[in-house]
Amino acid sequence: MKVAVLSDIHGFSLALDRVLADIATEPGIDRMVIAGDLCEVGPDPRGVLERVATLDAVVLQGNTDRDVANGSRDSEGIRFTADQIGAEGLKYLRNLRFSERVTPPGGESPRDDLLVVHANPLDQDRHVPPDASPHELRELLGDTASAVIAFGHLHVAYIRELPTMTLIDVSAVGNPKDGDLRSKWGLLEWDEDARRWSVTLRYVDYPIEETEAQIMASGIPNPKGVIRKLRKASYS
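Under this note's numbering, think of the first position of the sequence shown as 2, with each following residue one higher.
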């Protein structure tokens, strides 16, 4: 069994096209899960939703999807996104699920499961840092049982092996923040004989020039600022 997990598209439809093309080169993908944050930030939130609607994928709700749909934050970027996707898009975001649990063939739930969430298994807002202490992990993971937890939200790609599970942050399709502008996604493959998941991060070259042109033509507020943040690929 193979599962593709991608996250944090953030309105960057051309980057999504590149990632979907890369996923298509991997034979035998059984399931695709998109772990939220579909629309806000980038120039083409409507285009992202149109592409996602064509996919045979499970789509989760991220914190920005929640905020856009519920109007819980107000900014020029939020208003641009809401105007672009319209009432139907807002309804779609509002109704997305929190998580997806995959029990693999021959596996036992919950011990062998893959759990996909946006940020962590308990909420949509708190990051799971790559160097989280045991205390922090208890606060963020609770008593969650699974073999693998896959998520985005932090936009920093990493794989961390814990005594009882593996964590994989698949980073972001749209605007990575780990100093590497390439888009990322996660490939998770279940070996039924070994009864374990193999976990791999995939890296995809970013269509930066085409995306910059799209940003400038989109009408998004402060387009040069959007480009500057995208190219920086970092929180610092």
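In this text, a Cβ means the ideal position worked out from N, Cα and C, and glycines have one as well.
Under 8 Å between the Cβ atoms of residue i and residue j?
i: residue 27; j: residue 189; result: no
i: residue 149; j: residue 198; result: yes
i: residue 178; j: residue 157; result: yes
i: residue 168; j: residue 185; result: no
i: residue 101; j: residue 59; result: yes
i: residue 9; j: residue 108; result: no
i: residue 224; j: residue 217; result: yes
i: residue 181; j: residue 234; result: yes
i: residue 57; j: residue 38; result: no
i: residue 172; j: residue 44; result: no
i: residue 42; j: residue 11; result: yes
i: residue 62; j: residue 97; result: yes
Could you tell me the boundaries of the beta strand (DSSP E) in which residue i lies?
i: residue 14; result: Careful: residue 14 lies outside any beta strand (DSSP E), inside the alpha helix (DSSP H) at 14-25.
i: residue 190; result: 184-192
i: residue 116; result: 115-118
i: residue 4; result: 3-7
Can you look up residue i in the DSSP assignment and give me helix, strand or coil?
i: residue 195; result: coil
i: residue 245; result: As displayed, the chain neither begins before 2 nor continues past 237, which places residue 245 out of reach and without an answer.
i: residue 97; result: coil
i: residue 35; result: strand
i: residue 61; result: strand
i: residue 67; result: helix
i: residue 123; result: coil
i: residue 232; result: helix
i: residue 1; result: Examination of residue 1 is not possible in this model, given that the chain is present from 2 through 237 alone.
i: residue 42; result: coil
i: residue 146; result: coil
i: residue 102; result: strand
i: residue 129; result: coil
What does the alpha-carbon distance come out to for the pair residue i and residue j?
i: residue 113; j: residue 165; result: 10 Å
i: residue 110; j: residue 46; result: 36 Å
i: residue 105; j: residue 80; result: 41 Å
i: residue 162; j: residue 50; result: 33 Å
i: residue 211; j: residue 36; result: 25 Å
i: residue 85; j: residue 213; result: 18 Å
i: residue 83; j: residue 70; result: 8 Å
i: residue 20; j: residue 160; result: 19 Å
i: residue 128; j: residue 139; result: 13 Å
i: residue 151; j: residue 64; result: 16 Å
i: residue 29; j: residue 116; result: 20 Å
i: residue 95; j: residue 73; result: 12 Å
i: residue 228; j: residue 196; result: 44 Å
i: residue 121; j: residue 191; result: 22 Å
Along the alpha helix (DSSP H) that carries residue i, what are the first and last residues, could you check?
i: residue 139; result: 135-142
Entirely enclosed beta strand (DSSP E) segments - the region 152-181, minimum 3 residues: 159-162, 167-170
Pick out the complete alpha helix (DSSP H) segments inside the region 202-229, 4 residues or longer, and give them in chain order. 209-219
Complete alpha helix (DSSP H) runs within the region 70-97 (minimum length 4 residues, chain order): 77-95
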